[in-house]
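**Q**
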Amino acid sequence: MKRLLVVAALIATLAACATAPSGAARDPLPSWNSGGARSAVVEFVARVSDIGSPDFVAPADRIAVFDNDGTLIIERPAVVQFEFLYSRIRAEAPEHPDWADQEPFAAVLRNDRAALAALSFAETGAIVAQGQANLFQNDFATAARAFLDTAKHPRFDVRYIELVYQPMLEFIDFLKANGFSVYVVSGGGIEFIREFSEPAYRIARDHVIGSSMKISLIDRDGRVSIWRKPGWQSLNVGPIKATNIQLHVGRRPIVAVGNSDGDLDMLRFAHDGSLPSLVMLLDHDDPDREYAYDDAPNAREAAGLYGWSVISMREDFRIVFPDKP
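For the sequence shown, my numbering gives the first residue as 3, with consecutive numbering after it.
#1: Skipping 5 residues on each side, what residues in its chain have a beta carbon closer than 6 Å to that of Tyr295?
#2: Let's test the definition: count the other Cβ atoms within 10 Å of the Cβ of Asp52 and tell me whether it reaches 16, buried, or not, exposed.
#3: For Leu284 and Asn261, which I take to be in contact (beta-carbon distance under 8 Å), what is that distance rounded to the nearest angstrom?
#4: Please work out which residues of its chain come closer than 7 Å, Cβ to Cβ, to Pro61, disregarding the five sequence neighbours upstream and downstream, and give them in chain order.
#5: Please report how far the alpha carbon of Ser279 lies from the alpha carbon of Asp57, in whole angstroms.
#6: Is it buried or exposed for Glu303, if we count other Cβ within 10 angstroms and need 16 for buried?
#7: By Cβ distance, which residues of its chain are closer than 7 Å to Arg207, with the 5 residues on each side in sequence left out?
#8: How about Phe271 and Tyr185: are their beta carbons less than 9 Å apart?
#9: Using three-state DSSP, classify Tyr293 as helix, strand or coil.
#10: Quick check: what's the CA-CA separation for Leu118 versus Glu45?
#11: If we ignore side chains and look at the alpha-carbon of each, how far apart do Gly309 and Ser36 end up?
#12: Determine the direct distance from the alpha carbon of Asp141 to that of Val9, and round the result to whole angstroms.
#13: Only counting runs of 3 or more residues, tell me where the beta strand (DSSP E) segments fall wholly within the segment 35-70, in order along the chain.
#14: From this set, Ser314, Gly306 and Ser33, which residue's C-alpha is nearest Pro289's C-alpha?
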């Protein structure tokens, strides 16, 4: 009899768990404050994933794209990849004594942040070419992983890949749980981002779209290997973000999230499609927990014009980084 009572109690407990509302069991966006941005995410996903909804979108067309720097991960005082390139310039400096008086390398060596922020496109290209060209792909990947494993942010004193935005990680997981395919679409280097997209974002490396260097196939010790050459194969900025989404995905996204004017064409590409869309712009307005800056005057104007959702880091993010209030 006692055994029967125990079994009956267990069955009752399981039944109660099965009938409890799923929202009560687990909040998919616990790091978001209640408000318009959070509601926009939840309501849109519900509309397009409910087969009975007039806005239902088939899973194959549920494509979401996220910018990287400043949308998924911190980008101040400089984007993570540039911190990596600066570290490579400093490491190679003993072999190039002339760099001490040669810009832009001299600015890197004296850590002149104001000068680095003001570099021309050509000067930036010189740093990129020196820092990530003229080496084999495997060697580049090894150097990138070593940097990501050890380098720390100057203000927060943790590894850069720990400074991802927790609410955005939850957003990505929520989309994937509802049948979305999620891509990182960045102006940053595709191969650099691939070295941390899976551990940091849980996004597979083949779902990264970014800028790419020219490459060639070279025989190395009897085995063909990829050689990284100076010059861009594809500079994934502005309208090229949209055309590269078409090239690599073959479908127009219905969710697009960015934080700067460099994302505007990608955001428009999602908005202007024939399917329902959710377009969001992250506003960096929280100097206490992150930084306050505005790189999106044109995108902000477009958000007002088209009714896109603006995410306030200060108001909409309950926490910003994992394990930090």
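Glycine is no exception: its CB is placed at the ideal position from the N, C-alpha and C atoms.
**A** With the given structure in hand:
#1: His286
#2: exposed
#3: 4 Å
#4: Gly181
#5: 10 Å
#6: exposed
#7: Arg196, Ser199 and Glu200
#8: no
#9: coil
#10: 42 Å
#11: 19 Å
#12: With a pLDDT of only 38 at Val9, under 50, the local geometry of the prediction cannot be trusted, and the value read off the model is given with reservation. Approximately 60 Å between the Cα atoms of the pair.
#13: 65-68
#14: Ser314
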